[in-house]
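Here the sequence shown stands for residues 29 to 931, numbered as in the working numbering. C-beta: ideal position from N, C-alpha, C; glycine also. Before any comments, here is the structure.
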Amino acid sequence: MRLTVNGDEVDAAPRPGQCLRTMLRDHEHFEVKKGCDTGDCGACSVLVDGEAVHSCVYPAVRAEGRAVTTVTGLGTPDDMHPLQQRFVDAAGFQCGFCTAGMIVTASTFTESDLDDLPRRLKGNLCRCTGYRSVDDALRGVGNVGKTCGKAFGASHPAPAGPRVVTGTEPYTFDTVVDGVLHIATLGSPHPHARIVSIDTVAAEQLPGVHAVLCWRDAPEFAYSTARHENREEDPDDTYLFDRTLRYVGQRVAAVVAETEAQAQEACRLLRVEYEVLPFVLDPDEAAAPGAPLLHGDKGPEARIADASRNLIGEVHGGCGDVEAGIAAAAAVVRGRWQTQRVQHTHLETHGAVGWLDDDGRLVIRSSTQVPFLVRDELCRIFGLERHRVRVFTARVGGGFGGKQEMLVEDVVAAAVLRTGRPARWEFTRADQLTVAPCRHPMRVDVTVAADADGILTALAIDVLNDGGAYGNHSASVMFHGCGESVEVYRCPNKRVDGRSVYTNNRPSGAFRGYGLGQVVFAVESAMDELALELDLDPYELRRRPVVVPGDELGAAHPEGADLGFGSYGLDQCLDLVRSAMSRADGPPAPEGPRWRVGEGMALAMIASNPPGGHIADTSIELLPDGTFVARVGTAEFGNGTTTVHTQIAASVLGTEPDRIRVEQSDTDVTTHDTGAYGSSGTVVAAKALHAAAHALRGDMAKWAAELTGESPDDVEFTAGGAQVGGTEVPYADLLEAAGGTLRAEGSHGGLPRSLSFNVQGFRVAVDIGTGEVRILQSVQAADAGVVVNPEQCRGQVEGGVAQAIGVAMYEELVTDASGTVVTATLRNYHIPQYADVPRTEVYFADTYDTMGPMGAKSMSEAPFNPVAPALANAVRRAIGVRPHELPLSRDRIWSLLAAPTAR
Numbered sequence: 029m030r031l032t033v034n035g036d037e038v039d040a041a042p043r044p045g046q047c048l049r050t051m052l053r054d055h056e057h058f059e060v061k062k063g064c065d066t067g068d069c070g071a072c073s074v075l076v077d078g079e080a081v082h083s084c085v086y087p088a089v090r091a092e093g094r095a096v097t098t099v100t101g102l103g104t105p106d107d108m109h110p111l112q113q114r115f116v117d118a119a120g121f122q123c124g125f126c127t128a129g130m131i132v133t134a135s136t137f138t139e140s141d142l143d144d145l146p147r148r149l150k151g152n153l154c155r156c157t158g159y160r161s162v163d164d165a166l167r168g169v170g171n172v173g174k175t176c177g178k179a180f181g182a183s184h185p186a187p188a189g190p191r192v193v194t195g196t197e198p199y200t201f202d203t204v205v206d207g208v209l210h211i212a213t214l215g216s217p218h219p220h221a222r223i224v225s226i227d228t229v230a231a232e233q234l235p236g237v238h239a240v241l242c243w244r245d246a247p248e249f250a251y252s253t254a255r256h257e258n259r260e261e262d263p264d265d266t267y268l269f270d271r272t273l274r275y276v277g278q279r280v281a282a283v284v285a286e287t288e289a290q291a292q293e294a295c296r297l298l299r300v301e302y303e304v305l306p307f308v309l310d311p312d313e314a315a316a317p318g319a320p321l322l323h324g325d326k327g328p329e330a331r332i333a334d335a336s337r338n339l340i341g342e343v344h345g346g347c348g349d350v351e352a353g354i355a356a357a358a359a360v361v362r363g364r365w366q367t368q369r370v371q372h373t374h375l376e377t378h379g380a381v382g383w384l385d386d387d388g389r390l391v392i393r394s395s396t397q398v399p400f401l402v403r404d405e406l407c408r409i410f411g412l413e414r415h416r417v418r419v420f421t422a423r424v425g426g427g428f429g430g431k432q433e434m435l436v437e438d439v440v441a442a443a444v445l446r447t448g449r450p451a452r453w454e455f456t457r458a459d460q461l462t463v464a465p466c467r468h469p470m471r472v473d474v475t476v477a478a479d480a481d482g483i484l485t486a487l488a489i490d491v492l493n494d495g496g497a498y499g500n501h502s503a504s505v506m507f508h509g510c511g512e513s514v515e516v517y518r519c520p521n522k523r524v525d526g527r528s529v530y531t532n533n534r535p536s537g538a539f540r541g542y543g544l545g546q547v548v549f550a551v552e553s554a555m556d557e558l559a560l561e562l563d564l565d566p567y568e569l570r571r572r573p574v575v576v577p578g579d580e581l582g583a584a585h586p587e588g589a590d591l592g593f594g595s596y597g598l599d600q601c602l603d604l605v606r607s608a609m610s611r612a613d614g615p616p617a618p619e620g621p622r623w624r625v626g627e628g629m630a631l632a633m634i635a636s637n638p639p640g641g642h643i644a645d646t647s648i649e650l651l652p653d654g655t656f657v658a659r660v661g662t663a664e665f666g667n668g669t670t671t672v673h674t675q676i677a678a679s680v681l682g683t684e685p686d687r688i689r690v691e692q693s694d695t696d697v698t699t700h701d702t703g704a705y706g707s708s709g710t711v712v713a714a715k716a717l718h719a720a721a722h723a724l725r726g727d728m729a730k731w732a733a734e735l736t737g738e739s740p741d742d743v744e745f746t747a748g749g750a751q752v753g754g755t756e757v758p759y760a761d762l763l764e765a766a767g768g769t770l771r772a773e774g775s776h777g778g779l780p781r782s783l784s785f786n787v788q789g790f791r792v793a794v795d796i797g798t799g800e801v802r803i804l805q806s807v808q809a810a811d812a813g814v815v816v817n818p819e820q821c822r823g824q825v826e827g828g829v830a831q832a833i834g835v836a837m838y839e840e841l842v843t844d845a846s847g848t849v850v851t852a853t854l855r856n857y858h859i860p861q862y863a864d865v866p867r868t869e870v871y872f873a874d875t876y877d878t879m880g881p882m883g884a885k886s887m888s889e890a891p892f893n894p895v896a897p898a899l900a901n902a903v904r905r906a907i908g909v910r911p912h913e914l915p916l917s918r919d920r921i922w923s924l925l926a927a928p929t930a931r
């Protein structure tokens, strides 16, 4: 058949049942993304004869004779459509994976549609931005601009902006790999079973099949899918293919074939005999004597706390005498809070493609936050030397901690090494929702006591963490969740008990906040109830016991010297939110007798980066044309680190950000980088680059001084070169004097660590007849140190609030009696749409952090943590009943309203 794509005639022969999305990508229109393949997210949106459609559910054959326009057909980086330019000017994207589809849909809008955006944008989802900047783009509001002068502190546009908005910025699978094979996997139908036998003959004989991989082919090397700088933080309880299966959907075998359809058909031909084993899904039951053991066969080398009790890790400790503190109190609050299982829902799913280069070296292109740690673990699994493996990323379409795992790269590497051919594996959205690691569900018991003035006399938490079938991140998440959530308050009597246990649920993993979101929900809810018991203002109740510089930090145990106060803005954050909430900006409460209004707030503290060291090695080099190339290991996935890195380097070197080119997230580019997690892109990698830029500036000044006979202290730099008095020395002359190369390196080990603070406030209206919650006002104040890029940092806060609103109000991975996830599509797993997210007022404390680069602190994970408790506290004050369980869905609120204490 023939159709027109972006004005070009195209001859196509779609496969039976093929959708337009995959056919366009077959023709290398990689700007058409895969987000769901069920018509729910809009990342694949294109125009067909001028009408926006989801190409993932649009039959390819229906495009015959029609004109198809993708985002690339609207404009190019050098000649952008006005709407594309407005998205750049508004910073209307973060990871950018949704942006192409968003722009295509919005290109059909009229002026009148701007008054109906909740309906018109309901088919286009964004997980990163919180939609405010998208709304600004649609209305022509500019938020960023190129700077004339020092770049640091200005809202400079993202370097990749013109490419993102035109669909020309490549993501993981936006490339042609000749001869690539496709991988499909067979998942376990049982929550706990042992493979007795696998008959692969029929699958292997299917035309197009190159290999079938199963436990018989797997290296006998145990590892964890979690990636940390110190790999021993996580138990070695995982194998490439395990003969014992511990959750529904766990991979049993993988087929490598010429086409994805052939690989899937071969999976259906596999014949597996299972020995079904007893299973346990409830973490309390899993921790009880006599429970089925998930990893009882493993010894001490696996670093499991106690495999005979399904115990992945535990922490117990504190200070003082909690019972004495309770006895001395004027008010005591006790409660049990429960958080649910949720998914990251980054719009680019997990995936990787691998091949052998001309030297026979294994190369993996992956959607990962941790390319260096993936490289190192692949070397261990397959017995390869580091120089024989390269791992790199293109732009990554979102992560939120979910891509601090190695979920696909190991299988892709096995397929490449087995067949000698390139191979790729891309998760479906159903894979993401059913088998990829999720946020840890937690049960948190809190006891908090205070005297009549609100001075805390006792604070105790008891946490039970559902790690799922494997221990990736579980111990660390439990430790972190039990840390800053308790450390933020001064109290002479503290007790912390935490356990993380195995169950036959799908594995849990790293998620934005890394355990703090769950525990802070419980602690801040209890603190709010304490304020009600004492009839104290909730801001004042927190102000009195919060830590201040000079206080010792401690929860289960005292913190070491590596964590401290590089700056302090919590007091300012409390004032900013309180002041904003007192203005009661936002829409009025709905009219009618069923609506109740309440205000709530919560605070959170988080370390600026992970403990135990987080390493970044960087370099920066002067080029003959006066531009610079910075080499860093950190991946860009909407965290904005590339923009921050260019601004910091430009400010040090006295040049413009546009003259800094960043090469990143590639094991060939720099020596080492722990990875883009734990909010480390600014406080670790950028600090390392800051050091490298300072060293290069010093070297350039030295050569300029030698050429002019002046002092290096008198040298300044501009776009043209070095300025010494009235003399300009071109950059090319500096290079020539230095022998042709001017390059400097900088490293940072992640220590010491500072503390960031966030305070969230909400005003809500609750319909006591239906349980509906409407957010009338949302305010967050953040202590981010000196803000490198105000618009970008604002976007990080708004995105964190929006994601947390989804977790607090809508999102839940629902499982059946076997642990099978039944919310396996986006339409059944409600992440916030444009209509669901209020415009959050964002304020920044005025602080300068002595530990961060040029006074800056991290602000990626932190905004998420206080949102759920602030929202729950607002609901509590509206209806008079305390929510103890997330999400705060209509049915749960309606059930709470049946309590006799509801007003």
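Judged by DSSP secondary structure, R523 falls within the beta strand (DSSP E) whose first and last residues are K522 to Y530. S225 sits in a strand when the DSSP states are folded into three classes.
Look at H673 here: in three-state DSSP terms it is helix. Distance from the CA of R622 to the CA of S553, rounded to the nearest whole angstrom, comes to 25 Å. DSSP places I354 in the uninterrupted alpha helix (DSSP H) bounded by V350 to A355. Taking a 10 Å sphere around the C-beta of V224, we find fewer than 16 other C-beta atoms and assign the residue as exposed. Contact check for A239 against V169 fails: the beta carbons are separated by 7 Å or more. In this structure, DSSP gives E454 an extended state, which the three-state scheme calls strand. Q233 counts as exposed, since fewer than 16 other beta carbons sit within 10 angstroms of its beta carbon. A straight line joining the alpha-carbon of N817 with that of I676 spans about 10 Å. For N493 against R527, the beta-carbon gap comes to about 7 Å, under 8 Å, which counts as contact.
Within the same chain, P891 and F892 come within 6 Å of G828 by CB-CB distance, once the 5 residues on both sides are set aside. Listed in chain order, the alpha helix (DSSP H) runs fully inside the stretch 405-478 are 437-447 and 457-462, counting runs of at least 4 residues.
In this model, G425 and G620 are separated by some 43 Å (Cα to Cα). Under the three-state reduction of DSSP, E913 is assigned to strand.
Here DSSP, grouped into helix, strand and coil, assigns A315 to coil. Distance check between V76 and each of C69, N34 and D54 places N34 closest, using alpha-carbon atoms only. Inclusion of F785 and A902 in the CB contact set at 7 Å is not warranted, their separation being larger than that value. Among the bridge pairs identified by DSSP, V205 is matched with none.
The beta carbon of G353 sits closer than 6 Å to those of A477, T485, A486 and N521, all from its chain and outside the five residues before and after it, given in chain order. By the Cβ criterion, the stretch 725-743 is not in contact with the stretch 695-706, since fewer than three pairs of Cβ atoms, one from each stretch, lie closer than 8 Å. Under the 10 Å beta carbon count, N258 is surrounded by fewer than 16 other beta carbons and is classified as exposed. Annotation: V370 to G429 spans about 13 Å, alpha carbon to alpha carbon. Counting only the Cα atoms, P110 lies some 47 Å from G592. Distance from the Cα of G363 is smallest, within the candidate group T447, D473 and G324, for D473. Residue V807 holds the alpha-carbon nearest to the alpha-carbon of V825 among G834, E839, V807 and V835. Secondary structure at S846: coil, using DSSP grouped into helix, strand and coil. Under the 10 Å beta carbon count, D694 is surrounded by 16 or more other beta carbons and is classified as buried.
Sorting V89, I796 and V660 by C-alpha distance to the C-alpha of F400 places V660 at the top. Of the candidates L142, I409 and G346, I409 places its Cα closest to the Cα of F269.
Considering only I489, L651, A451 and P573, the residue with the shortest C-alpha distance to H344 is I489. Burial of D795 is indicated by the presence of at least 16 other C-beta atoms within 10 angstroms of its C-beta. Excluding its 5 nearest sequence neighbours in each direction, C72 has C-beta neighbours in its own chain below 7 Å: R49, V60, K61, K62, G63, H82, S83, C84 and G129, listed in chain order. Short of 7 Å from the beta carbon of A357, and not among the five residues preceding or following it, lie these beta carbons of its own chain, in chain order: A477, A478, D479, T485 and A486. Within the same chain, and ignoring the five residues on either side of G543 in sequence, the residues whose Cβ sits closer than 7 Å to its Cβ are H468, V505, M506, H508 and G509. By the Cβ neighbour-count rule, H220 is buried, with 16 or more other Cβ atoms within 10 Å of its own.
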